[in-house]
Every structure is written in C-alpha cells, then in structure tokens.
Amino acid sequence: LRKTKKIARRQNSQNELISPCEKQRRKRQEPLMVQANTEAKVKGRRGRRKPEERIPLMESCSEHSLCNSEYQRCRRERQREISDWIPPHPSQSSLLFSGSLTNGRRSQSEEDEDDEEKDDEDEDFKEKDQDILMYFREEIDSATSPSEECSTPLSLNLDDLEEFVLKPAPQGSTIQCRITRDRKGMDKGIFPFYYLHLEMENGKKRFIMSGRKRKKSKTSNYLISLDPIDLSRDGDNYIGKVRSNVLGTKFTVFDNGMNPDKKPFVPETAQLRQELVAICYETNVLGFRGPRKMTVIIPGVDADNERICIRPKNEHETLLTRYQNRNMQNLIKLQNKMPAWNEETQSYVLNFRGRVTQASVKNFQIISEDDPNYIMLQFGRVAPDVFTMDYRFPLCAVQAFAICLSSFDGKIACE
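When you line the sequence shown up against our numbering, it's residues 29 to 443, in that order.
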C-alpha cells in the first residue's frame, strides 16, 4: 500500500510538470476520443481578413482599473472620444460597387456576414453555399436621394437623456443614428457590445445608448444602458432589456421597472416594468436562406402623442399574448417591408435612400399595414461592424435600438 501511494504521488508530480498542450495532445490520443479522419481531404485554412472600414472605438478598460479615480478617468476619456469621433459617410460611388454585384456571386464580407448570422457565438466561421444570393441590397435605381431624407433636427432636447430615449420621435422628422458593434477581446467575440450614436445636422455624433448580450442566461438577453462603460443591471444607467424565447423567434423589450413575478419582494412604492415592444420572427416562405419575416407590436399613443403605458401583471396581459389572442386595443401592429427580387443583380433589394451600402440579411425596413410608404424604422449595414438606424414617430430610441438588437441575435428556427 505504501509503495502504491508512493507511485501515485510520483505520477501526480510528473503530471504537474506536463504543459496543458501536452495534456490535451495525450487526451486526444485516447481510443475513446473522436479522432480526425486521416483519409478525408484536408481543407485549406481561410486567409486573414482584409482590412476594411472599422469604427475607431475606444480601448476598453480592464477589470482592475474600473474603480474610483481610474474608472472615472477611463470613463471621461471614452466619452470624450465618442463625442469627438465623426465616421465617414459613404459616397454614392461606393453604393454602386458594394457587395460585388457581378455574376451574382457574394463578396468575402457578405460570406462573413452570413456565417456570423447563423451563430454569432461561434468563433470559427464556416463557409456557406454560393448557389443563390439571399441578402438585401440597396436599390440602385433609388427615386429619392439621400439629401432628400429629413435628417435629425437640431432642436432635440438631449439634456435629460433618459427622457429623450423613451419619448416618441417628433412628428415630421427622421432621427438618424449609427450602431457600432465591438467584437474585440475574448468575451466580446461571443458577447459583443453595441454603441448607438445620434447623427446631428452639424456632422457631429452624440452617444446616447449602449447594449450588450448577457452571459449565463437561459435565453438571449440584452441589457441597454445610457453609459458606454457601465452596462450592469444594478447600475444607475440601466434603461431596459431585451429578452427572447428559447428558439430566438420572439423578443420582448422591457424598461427598467420591477418584474411582477417577484411581487412578494417588490416594495409597494416600486413601479412595475413597461413592455415597450414585442418582435416576432417567422421562417420565410422561400426557405431558410430567404428574407426574414418580422412582426412588431408596440403600444399606441394618446391624443398628446405620448406612449400608452402597458404594464402587464401576468402572462395574459403581455404584448405577445394579446397579439396571439387578437386583442389589439391600444396596440399598433407593424411589419417589415418585403424586398423585391432583382434579376440583374440576383439579389433582394430595398430602397434605403442611400443610408445602406452593403448587402446583409440583417437589413430591413419596418412599416405600418395602413401606410406602406411610411417607414417607421430602417436598419442596414454600411461596414463590417457599422450599421445605420433611422426611426420615426411613434417609435422611441429604446424601441428602435431594441428591435435592431433582436436582429443581431441568432435565430435557430429562422436560419
């Protein structure tokens, strides 16, 4: 017995000296492990991505620096860089040649977008078939030029940022924004950060919101904050969240109110949370590779153009349940505008009025059933990690940003 213990201690000491790589190599050589097929044809590794237009985001702070004075310094530097940064606007010439319209084949950036849409949490993107192009492109023969689109008015009151992002957009104007996706770093490759900037008429950009995908959640869950660094649920800048079902086909957006399911632990003075919007994705009729079908349910507005508060106390009062039961009182139903197939470019096209320059399955426009020409929200890609977001009355910034975040999320039943 002593000899056995001595041998075991000796083996343990030897194992401690073995590097992790050597341990993994030995583990892969065990007979019960799945082995590589030596007779299979070796597939070449994909080359490094070519440098493309990217947003000059700020360097993220490490965890040990997020405290006291160092945290405040990092926060001030990031906010200063956000306010000073002015991204380049795409020209009309880049619109005509973006997406590789020749021969109906996809460019490298489009293939990367298709791979990433299937599973945003997969680091090793796989190649997809190139038989048919199912992306939405900017319609080249646009009847309206970008200059004719009503841009963000200078009269917006941004002193109270929380009030601004929750208030419906002014009637007769379009609020133009830009979303930047940050996937740099170990965790951000799987749980990226999203930054929303307001495009002003004077050419400057104003940060208004950020979002991130939460870790250790049973379903997809996004937090929305008014701060570019503090994206915690317990923070003072927490403004709302986006929650999906297991399949990723139905999303509900809440504000920062209390959950009614936790009523025994909720103070009497606490306000129950509002449901701001519900989004439903359906499988398209043309198969998994075709355009998505979206249905959006939002609360209606009163005579003063203020949003009607929907505070469900149980599951039967939620937006999704009321929509399924066709109880649409004080609710507005929206849907995405279906693109048209262009035989010349072999792709689906939409008229984004110069605001979208790259093809992507994420590109969409939200319209009302009563007025298909009134576009309440449009979202599209202009660079690998840069997207434009334009919204109009009766949507608010949080509703529009949340709908766009749901578009980023992978959808098992629709992809």
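All residues carry an ideal CB built from backbone N, CA and C; glycine is no exception.
Bridge partner(s) assigned by DSSP for residue i
i       : result
Ser-238 : Tyr-223 and Ser-253
Phe-282 : Lys-269 and Glu-303
Ala-430 : Answer by DSSP bridge pairing: none, since Ala-430 is not bridged.
Arg-409 : Gln-386 and Phe-415
Asn-277 : The identity of residue 277 in the sequence shown is Thr, whereas the question assumes Asn. Thr-277 pairs with nothing; no bridge assigned.
Asp-210 : Phe-221
Gln-204 : Asp-418
Lys-31  : Paired residues: none, contrary to the question.
Glu-310 : Lys-321
Lys-233 : Glu-227
Cβ-based burial, residue i [other Cβ within 10 Å; buried from 16]
i       : result
Thr-32  : exposed
Ala-298 : exposed
Leu-376 : What sits at residue 376 in the sequence shown is Tyr, not Leu. Buried, by the Cβ-count rule.
Asp-255 : buried
Ala-331 : exposed
Ser-238 : buried
Lys-241 : buried
Cys-333 : Before going on, a small fix: residue 333 reads as Asn here, not Cys. Classification for Asn-333: exposed.
Val-274 : exposed
Pro-327 : buried
Lys-244 : exposed
Ile-35  : exposed
Asp-283 : buried
Tyr-250 : buried
Met-322 : buried
Leu-400 : Going by the sequence as given, residue 400 is Pro instead of Leu. Exposed: under 16 other Cβ atoms inside 10 Å.
Leu-378 : buried
Asn-353 : exposed
Asp-187 : exposed
Gln-356 : In the sequence as displayed, the identity of residue 356 is Met instead of Gln. Exposed, because fewer than 16 other Cβ atoms sit within 10 Å of the Cβ of Met-356.
Leu-259 : buried
Lys-290 : exposed
Tyr-222 : buried
Lys-269 : buried
Leu-405 : buried
Pro-367 : buried
Cut-off 8 Å between Cβ atoms - residues of its own chain near residue i, not counting five sequence neighbours on either side
i       : result
Thr-346 : Thr-280, Glu-303, Ala-306 and Pro-340
Glu-343 : Thr-349
Gly-263 : Ser-253 and Asp-255
Lys-71  : Note that Lys-71 scores 44 on pLDDT, short of 50, meaning its location in the model is unreliable and no value can be drawn from it.
Glu-190 : Leu-254 and Ile-267
Leu-85  : Its pLDDT being 35, under 50, Leu-85 is placed unreliably in this model, and the value from its coordinates should be taken loosely. Result list for Leu-85: Thr-208, Asp-210, Lys-212 and Tyr-223, in chain order.
Rounded Cβ spacing between residue i and residue j (contact assumed at less than 8 Å)
i       : j       : result
Thr-208 : Val-414 : 6 Å
Ile-395 : Gln-363 : 7 Å
Ala-425 : Ile-236 : 6 Å
Tyr-309 : Arg-301 : In fact, because the Cβ distance is near 23 Å, the residues do not count as touching under 8 Å.
Pro-196 : Pro-422 : 5 Å
Phe-407 : Ser-435 : 6 Å
Ile-267 : Val-193 : 7 Å
Gly-444 : Gly-276 : No answer is possible for residue 444: it lies beyond the span of the chain, which begins at 29 and ends at 443.
Arg-420 : Asn-391 : Their Cβ separation, rounded to whole angstroms, is 17 Å, which puts Arg-420 and Asn-391 out of contact at 8 Å.
Ile-336 : Val-329 : 7 Å
6 Å CB neighbourhood of residue i in its chain, flanking five on each side removed
i       : result
Tyr-351 : Ile-325
Ser-272 : Thr-247, Ser-248 and Phe-279
Pro-288 : Leu-300 and Lys-341
Asn-358 : Gly-328 and Ile-336
Asn-265 : Ser-253, Leu-254, Asp-255 and Asp-258
Lys-365 : Gln-393 and Ile-395
Leu-29  : none
Neighbourhood of residue i by C-beta distance below 7 Å, restricted to the same chain and skipping five residues each side
i       : result
Phe-219 : Arg-240, Lys-241 and Lys-243
Glu-397 : Lys-361 and Gln-363
Trp-369 : Tyr-376
Tyr-402 : Ile-395 and Ser-396
Asn-185 : Phe-192
Glu-372 : none
Arg-261 : Leu-251
Residue-chain proximity (residue i, chain B), Cβ-Cβ < 7 Å
i       : result
Ile-336 : Within the model displayed, chain B is absent; a lone protein chain is all it includes.
Of all the beta strand (DSSP E) runs that stay within the bounds of the segment 319-399, which reach a length of 3 or more residues?
The beta strand (DSSP E) runs lying completely inside the segment 319-399 and spanning 3 residues or more are 321-327, 359-364, 368-370, 375-378 and 392-396, given in chain order.
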